[in-house]
Amino acid sequence: MIALLTRDLKLAMRAGGGFGLGLAFFLIVVTLVPFGVGPQSGLLSKIAPGILWLGALLACLLSLDRIFALDWEDGSLDLLATSPLPMEGIVTVKALAHWLTTGLPLVLAAPLFGLLLSLPPTGYAPLVLSLLLGTPALSVIGTFGAALTVGLKRGGLLLSLLVLPLYVPTLIFGAEMARRGVEGQDTTTPLLMLAGITCGTIALLPFASAAVLKVNLR
Amino acid sequence: MGLNVSNLTIARGGIKVLEGLNLSLAAGQALVLRGPNGVGKTTLLRTIAGLQPPLEGDITADPETMVYAGHADGLKPTLTVEENLHFWASVFATSNIDAAIEAFQLDALRTRPAGALSAGQKRRLGLARLLVTGRPIWILDEPTVSLDVDAVKMFAETVRRHLGQGGSALIATHIDLGLPDAQILDVGPYRARAMDPDDFDEAFL
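If you read the sequences in order, they're chains A and B. Taking this note's numbering, the leading residue of the first sequence gets 198, the next gets one more, and so forth. Taking this note's numbering, the leading residue of the second sequence gets 43, the next gets one more, and so forth.
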């Protein structure tokens with residue numbers, strides 16, 4: 198398991214591995230927004246939590262189809278499926294590797310990008326906390342989508358259509374928490390809901406992902 | 043330890059390809075599968091390896107004793123030869139990769155990224171993976187594709203040594219591997235009968 202994780206991280210860091218791709222995409226989305234809505238800092242700081250969450254979500258989506266597609270193409274997925282590793286473990290490690298290479302950098306870079314959108318000072322801690330709690334769910338749900346579409350040629354669009362609706366609860370509570378933080382309100386309720394969604398997906402979805410992956414490998 | 047397959051019926055894409063197939067493989071034995079393209083050799087091997095369920099019949103073998111090698115080698119182009127083998131070694135909870143490197147003469151290529159290898163070198167690395175897994179039953183699908191004459195000899199020698207150590211191998215191939223003791227099974231006669239057109243109509247009545 199650890200070998201699979203270190204291999205995936207190593208592959209992400211090497212040429213063509215796609216590390217930092219999501220981060221660069223996030224940066225571009227965030228810098229494009231002020232061009233789109235105009236430079237009124239009052240308006241920007243109002244929509245900043247939503248934009249940051251939406252940007253993080255889209256950046257996550259961008260790298261989902263790599264989770265299994267590359268391993269499927271070169272045959273490693275067949276070999277992993279016949280190896281001693283349980284399929285549930287494989288999909289969990291894959292989701293973890295995706296989060297470490299995509300979700301975690303987004304969480305760490307979010308304060309910097311908040312600055313670009315003139316996020317009020319009270320908003321930073323809730324924003325980072327909400328992303329920290331929410332992005333693991335994005336990776337786990339995305340891994341499920343990637344398992345569903347593995348083996349489809351150019352399944353990226355289908356993957357987005359399948360996964361985006363499943364991202365809605367995470368987005369609602371994540372953005373709500375960040376927004377309440379900006380306005381100085383209590384963030385306990387959205388925080389608990391967000392944490393609950395994340396824990397639920399981590400507990401249940403790996404089994405579903407493993408099952409669909411087994412069917413797709415036939 | 044061993045592999046027994048009885049009265050096996052398998053399907054590919056919902057269509058029966060082989061039915062009523064029996065085979066058995068004991069320690070130290072090699073079994074070569076033959077048959078024309080599309081007859082279902084790959085499907086048979088994938089079923090035995092546990093990648094897909096059979097329609098009917100039994101496969102008695104401990105999945106923990108088998109290692110499967112298909113058409114694709116499962117190599118990561120940006121990892122080096124050594125890193126690729128180390129990865130598979132740790133997945134299968136073994137650690138020694140030197141024997142595998144030696145058996146397929148990959149010593150000079152150790153630090154070369156797998157993406158920079160030729161097709162035959164990649165295949166040799168893919169076959170070297172079998173040795174690092176330390177599993178006794180090898181299930182090989184066309185292992186000699188893109189290998190040159192010397193490399194085929196190298197492979198046959200490795201299989202012979204593996205059999206000598208009590209391992210076994212189930213190999214689908216079209217060429218003569220030079221394994222004199224290997225049994226040969228032609229899967230052609232087990233081809234599933236095409237659906238009778240009369241029955242086909244009746245199925246809708």
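Glycine is no exception: its CB is placed at the ideal position from the N, C-alpha and C atoms.
Where B:I213 is concerned, the enclosing beta strand (DSSP E) starts and stops at 210–214. Per DSSP, B:S66 is one residue of the beta strand (DSSP E) stretching across 57–67. Cβ-Cβ separation between B:G230 and B:V81: approximately 6 Å, consistent with a contact (criterion under 8 Å). CA-CA distance, A:M390 to A:L354, rounds to 29 Å. A:F265 and A:A209 do not touch by the CB rule: their CB atoms are close to 14 Å apart, not below 8 Å. Within chain B, the C-beta atoms nearer than 7 Å to that of A:A278 come from L93, in chain order. With respect to the C-alpha of B:L219, the residue from B:Q163, B:A150, B:V201 having the closest C-alpha is B:V201. At least 8 Å separates the beta-carbon of A:G378 from that of A:P302.
Three or more Cβ pairs drawn from the segment 67–74 of chain B and the segment 203–222 of chain B lie within less than 8 Å of each other, which places the two stretches in contact.
Taking 8 Å as the upper bound on Cβ-Cβ separation, chain A lies near residues S132, V133, F134, A135 of the segment 132–151 of chain B.
For A:G215, the CB contacts under 8 Å within the same chain, skipping 5 residues up- and downstream, are A209, S260, R263, T298 in chain order. Contact between the segment 314–332 of chain A and the segment 390–399 of chain A is present, with at least three C-beta pairs closer than 8 Å. In this model, A:S238 and A:L312 are separated by some 11 Å (Cα to Cα). Taking the Cα positions, A:L224 is about 7 Å away from A:F310. Checking the DSSP bridge columns, you'll see B:W180 partnered with B:V109, B:A211. At a Cβ-Cβ threshold of 8 Å, B:G116 and A:G348 do not count as neighbours. Per DSSP, the continuous beta strand (DSSP E) segment holding B:S48 begins and ends at 45–54.
It is roughly 35 Å from the alpha-carbon of B:I52 to the alpha-carbon of B:A156. Secondary structure note for B:G99: it is in no alpha helix (DSSP H), and the uninterrupted beta strand (DSSP E) holding it is 98–102.
Taking 8 Å as the CB threshold, A:S273 lines the interface with chain B. In terms of Cβ geometry, B:N49 and B:G92 do not form a close pair [threshold 8 Å]. Of the residues assessed, B:E144 falls on the exposed side of the cut-off, its CB having fewer than 16 other CB atoms within 10 angstroms.
For B:I143, the three-state secondary structure derived from DSSP is helix. In the DSSP annotation of this structure, the continuous segment of the alpha helix (DSSP H) that includes A:V230 starts and ends at 218–234. Put simply, of A:L255, A:K207, A:L201, A:I244 the residue whose alpha carbon is nearest the alpha carbon of A:L220 is A:L255. Residues of chain B whose Cβ lies closer than 7 Å to the Cβ of A:L345 do not exist, since the nearest Cβ in that chain is about 18 Å away.
Around the beta-carbon of A:F404, fewer than 16 other beta-carbon atoms lie within 10 Å, marking it exposed. In this structure, the CA atom of B:F134 is about 15 Å from the CA atom of A:L274. Under the 8 Å criterion on CB atoms, A:A407 is classed as non-interfacial with respect to chain B. Its Cα nearest to that of A:A408, the residue A:M284 stands out among A:K291, A:K350, A:M284, A:G352.
For A:D205, the enclosing alpha helix (DSSP H) starts and ends at 199–210. Annotation for A:D268: no beta strand (DSSP E) segment contains it, though the alpha helix (DSSP H) segment containing it runs 263–270. In this structure, B:V74 lies near B:I226, with their beta-carbon atoms less than 8 Å apart. When the alpha-carbon of A:L202 is set against those of A:L277, A:L258, A:A400, the nearest one is in A:L277. For B:I57, the closest C-alpha among the options B:L87, B:P96, B:L65, B:N64 is that of B:P96. Separation of the CB atoms of B:A193 and B:L221 is rounded to 15 Å, and the pair is thereby denied contact status at 8 Å.
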